[in-house]
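Quick note, the sequences are listed as chains A and B, same order. Take any residue in the first sequence, note its place counting from 1, add 1, and you have its number in our numbering. Take any residue in the second sequence, note its place counting from 1, add 226, and you have its number in our numbering. Read the structure below first, then the notes.
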Amino acid sequence: MKVDDLTPDISMEEIDRIIHEPARLNIMLYLYVVEKSDFVYLVHKTGLTKGNLSVHLQKLEQNGYVEILKEFVNRIPHTLIRLTSRGRKAFEQYKENIISILQQTP
Amino acid sequence: MKDDLVRRAEQDVLNEQNLSDVIQQIVTGALLSISSLTWLLTDLEIGFPLLIIVPIIPFIVKQLRKRITYPRIGYAKIKDKSTDITIVMIVAGLLLFFAFSSYTFNLGIVPRSLLTDAWLVTFVAFIYLVLMIIGYLKRKHIIFLLYGGFAILFTSAVWIFKLSINMKLMFSCYLVLAVITLIHGIFTLRAFIRKYPVLIDES
Numbered sequence: 002m003k004v005d006d007l008t009p010d011i012s013m014e015e016i017d018r019i020i021h022e023p024a025r026l027n028i029m030l031y032l033y034v035v036e037k038s039d040f041v042y043l044v045h046k047t048g049l050t051k052g053n054l055s056v057h058l059q060k061l062e063q064n065g066y067v068e069i070l071k072e073f074v075n076r077i078p079h080t081l082i083r084l085t086s087r088g089r090k091a092f093e094q095y096k097e098n099i100i101s102i103l104q105q106t107p
Numbered sequence: 227m228k229d230d231l232v233r234r235a236e237q238d239v240l241n242e243q244n245l246s247d248v249i250q251q252i253v254t255g256a257l258l259s260i261s262s263l264t265w266l267l268t269d270l271e272i273g274f275p276l277l278i279i280v281p282i283i284p285f286i287v288k289q290l291r292k293r294i295t296y297p298r299i300g301y302a303k304i305k306d307k308s309t310d311i312t313i314v315m316i317v318a319g320l321l322l323f324f325a326f327s328s329y330t331f332n333l334g335i336v337p338r339s340l341l342t343d344a345w346l347v348t349f350v351a352f353i354y355l356v357l358m359i360i361g362y363l364k365r366k367h368i369i370f371l372l373y374g375g376f377a378i379l380f381t382s383a384v385w386i387f388k389l390s391i392n393m394k395l396m397f398s399c400y401l402v403l404a405v406i407t408l409i410h411g412i413f414t415l416r417a418f419i420r421k422y423p424v425l426i427d428e429s
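Pasting the structure below:
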């Protein structure tokens with residue numbers, strides 16, 4: 002077996018660090034399978050605290066991966082979150098890269 | 227081809243958003259109870275109360291979910307609409323079937339034999355069974371198999387015990403099943419409310 006065969010085509014440096022963090026990966030996964038969701042849904046699905054979730058969402062928003070829409074429903078604040086097309090592409094790319102690395106690692 | 231993780235997450239979201247609160251089950255149980263009671267007490271055709279209530283079921287379910295489900299487990303707009311479209315098409319088909327059978331029967335165009343009702347039940351149960359199989363294949367949730375089993379049991383009972391000859395008995399069985407569905411739904415909803423407290427959006 003040649004040494005080149007054991008060397009992955011994609012290096013770990015190419016892995017998106019924003020998505021790679023476990024909490025954000027979980028958020029991205031659940032947003033990927035829906036069109037949009039509210040804040041309560043993500044609290045429930047990810048098991049993160051509200052403060053922690055807000056911080057991660059801010060980070061994802063700063064990178065253009067999610068879009069956050071704040072509104073009031075019957076005078077109660079309601080936050081809607083959806084993955085942007087950039088976020089969707091980034092998640093798909095992340096999946097491909099991780100699978101590729103795992104498949105090529107001996 | 228979707229990978230397992232994404233497919234599992236999709237099933238998880240679909241099941242939780244549509245099944246965990248059992249509101250659909252409660253509304254269906256209530257509708258079936260009203261239909262069978264109406265028939266037993268007033269001799270109205272079964273299609274009549276169904277025709278009035280069915281179009282507003284999605285609205286009732288949505289309003290109940292806004293009050294009960296979404297403040298607890300959150301709201302997610304699901305991408306996959308194929309199941310909803312299938313259900314709408316089948317419900318529309320059933321409505322047409324009920325309307326047509328009631329209309330022709332009332333005008334005396336189609337004479338009603340003793341077996342007509344048994345075939346009607348079989349037809350409805352078959353459609354229902356197909357829906358449940360599709361639901362199970364898509365979402366892998368045991369409730370679809372249970373409902374499918376109920377449909378087979380009920381249809382078998384109609385044929386084996388010739389329930390269609392005694393319509394009162396048939397609709398009494400129908401009522402019992404509907405009440406069991408309703409009571410089970412109410413208890414499950416109670417457990418759901420206790421399990422998931424209301425969460426406040428503090429983003």
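For each residue, glycine too, the CB sits at the ideal point set by N, CA and C.
Chain-ordered neighbours of residue i on chain B, where CB pairs are closer than 7 Å
i	result
Y66/A	Chain B residues near Y66/A: none, gap ~16 Å exceeds 7 Å.
P78/A	D427
Same chain only: Cβ atoms within 6 Å of residue i, ignoring 5 sequence neighbours per side
i	result
I409/B	none
L70/A	L81
R365/B	Q237, L240, N241
I16/A	N98
E72/A	H79
L266/B	F397
Y422/B	R298, I299
L401/B	S262
K3/A	Reliability fails at K3/A, whose pLDDT of 47 lies under 50, so the model's placement of it is uncertain and the value that follows must be treated cautiously. Counting only Cβ-Cβ distances below 6 Å, and skipping sequence neighbours, we find nothing.
L290/B	I249
Listed by chain order, chain B residues near residue i by CB distance under 9 Å
i	result
Y31/A	A235, D238, V239, A302
Under 8 Å from the C-beta of residue i: neighbouring residues of chain A
i	result
P297/B	V41
L231/B	L30
K305/B	V34, V35, E36
Close beta carbons around residue i, own chain, < 7 Å, minus the five adjacent residues each side
i	result
L26/A	I20
Q243/B	A302, I304
G361/B	F370
L355/B	G374, A377, I378
M227/B	With a pLDDT of only 45 at M227/B, under the threshold of 50, the placement of this residue in the model should not be trusted, and no figure is reported.
E428/B	none
Residue i at chain B interface by Cβ criterion, 7 Å
i	result
K51/A	yes
V4/A	Note that V4/A scores a pLDDT of 46, beneath 50, so its modelled location is shaky and nothing firm can be said.
Cβ-based burial, residue i [other Cβ within 10 Å; buried from 16]
i	result
M358/B	buried
D230/B	exposed
P281/B	exposed
V74/A	exposed
S382/B	exposed
I28/A	buried
A417/B	exposed
K108/A	Here chain A has residues from 2 to 107 only, and residue 108/A is not among them.
P297/B	buried
S86/A	exposed
E93/A	exposed
V41/A	buried
G52/A	exposed
K34/A	Residue identity differs from the one stated: residue 34/A is Val in this sequence, not Lys. Flag for V34/A reads buried.
I386/B	exposed
I368/B	exposed
T106/A	exposed
Own chain partners of residue i with C-beta closer than 8 Å, once the 5 adjacent residues on each side are dropped
i	result
V405/B	G255, S259
L61/A	I19, R25, I28, M29, V67, G88
G65/A	T85, R87, G88
Within-7 Å CB hit, residue i to chain D
i	result
L363/B	This model lacks chain D altogether, as its protein chains are A and B.
Members of the region 33 to 49 of chain A that neighbour chain B once the beta carbon cut-off is set at 8 Å: Here the close residues are Y33, V34, V35, E36, K37, S38, D39, F40, V41, Y42, L43, V44, H45, K46.
Selection of the region 345 to 373 of chain B by Cβ proximity to chain A, strictly under 9 Å: Residues: none.
Where the region 88 to 107 of chain A meets chain B: residues whose CB sits under 9 Å from a CB there: Residues of the region 88 to 107 of chain A with a C-beta atom less than 9 Å from some C-beta of chain B are K96, I100, listed in chain order.
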